[in-house]
Amino acid sequence: MTNSRLSNLVIFFTLLLIYLSFNTSSNSKNIDLFKGMELYNKNCASCHMANLAGNPDWKSGVDEDGQRLPPPLNGTGHTWHHSPDQLFQIIRYGYKKFDPNYKGKMLGNEDLSEDDVWSILWYIKSIWPEEIRNKYNSYFGE
Ligand code: HEC
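So in our numbering, spot 70 of the sequence shown is number 74, and the numbers just go up one at a time.
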């Protein structure tokens, strides 16, 4: 009798914990992959290209203003070396967030909501080769 009450309690609290952890994670981010793709095409593709390949000369070339060219976001560059939070900051606020004297072209998109930025980031991640995405998730979590 006592034993089965105890195990019921254990089951109850386990379920409660699972419920709470799902609930908090879905509350904090509302990610919509399709919207992420649309927002990417509207706000980012003009520089990073529709296929996320960036500018072919991104490693060494500069634009007409002497500024660095848009890198690829498709997994062939080093985007995946940055944590999700760093990428969020870059996309939302641009490089000036890290360097107040920044004069380059990655300006940020402060009109986008937090969920919009996460959705774009998840869309970008969805394009990465599976191997890179798995590695990334193992460093930083899903
Ligand atoms: C006007 C051109 C332009 C637009 C528009 C633009 N970017 Fe960029 N982006 C750049 C350039 C140039 C860099 C490299 C910055 C530097 O080195 O100065 C960059 C860098 C980045 C990086 C860092 C990549 C890395 O591998 O370190 C991310 C992530 C990024 N952009 C995402 C986005 C997203 C998402 C959007 C749309 C919401 C966007 N960018 C819109 C030009 C642009």
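Beta carbons are placed, not taken as given, at the ideal position from N, Cα and C, and that holds for glycine.
Glutamine 93 versus leucine 13 - alpha carbon distance: Within the sequence shown, residue 93 is the residue found at index 89, counting from 1. Within the sequence shown, residue 13 is the residue found at index 9, counting from 1. Roughly 43 Å between the two C-alpha positions.
Span of the alpha helix (DSSP H), counted from its first residue to its last, around valine 66: Mapped onto the sequence shown, residue 66 falls at position 62. Segment: none, valine 66 is in no alpha helix (DSSP H) and carries neither H nor E.
Cβ shell of aspartate 147 (< 6 Å), same chain only, five flanking positions each side left out: Not covered by the structure: residue 147. The range shown for the chain is 5 to 146.
Arginine 96 versus leucine 111 - alpha carbon distance: Numbered from its first residue, the sequence shown carries residue 96 at position 92. Numbered from its first residue, the sequence shown carries residue 111 at position 107. The alpha-carbon atoms of arginine 96 and leucine 111 are separated by roughly 8 Å.
Cβ distance (whole Å) where isoleucine 35 is taken to contact tryptophan 132 below 8 Å: For the purposes of this step, residue 35 is identified with residue 31 of the sequence shown, where counting begins at 1. For the purposes of this step, residue 132 is identified with residue 128 of the sequence shown, where counting begins at 1. Rounded, the Cβ-Cβ distance is 16 Å, inconsistent with contact.
Any non-hydrogen atom of the ligand HEC within 7 Å of leucine 73 CB: Reading the sequence shown from its first residue, position 69 is the one you call residue 73. Yes.
beta-carbon asparagine 105 near the ligand HEC non-hydrogen atom, thresh 7 Å: The count along the sequence shown starts at 1 and reaches residue 105 at position 101. Every heavy atom of the ligand HEC is 7 Å or more from the Cβ of asparagine 105, so no.
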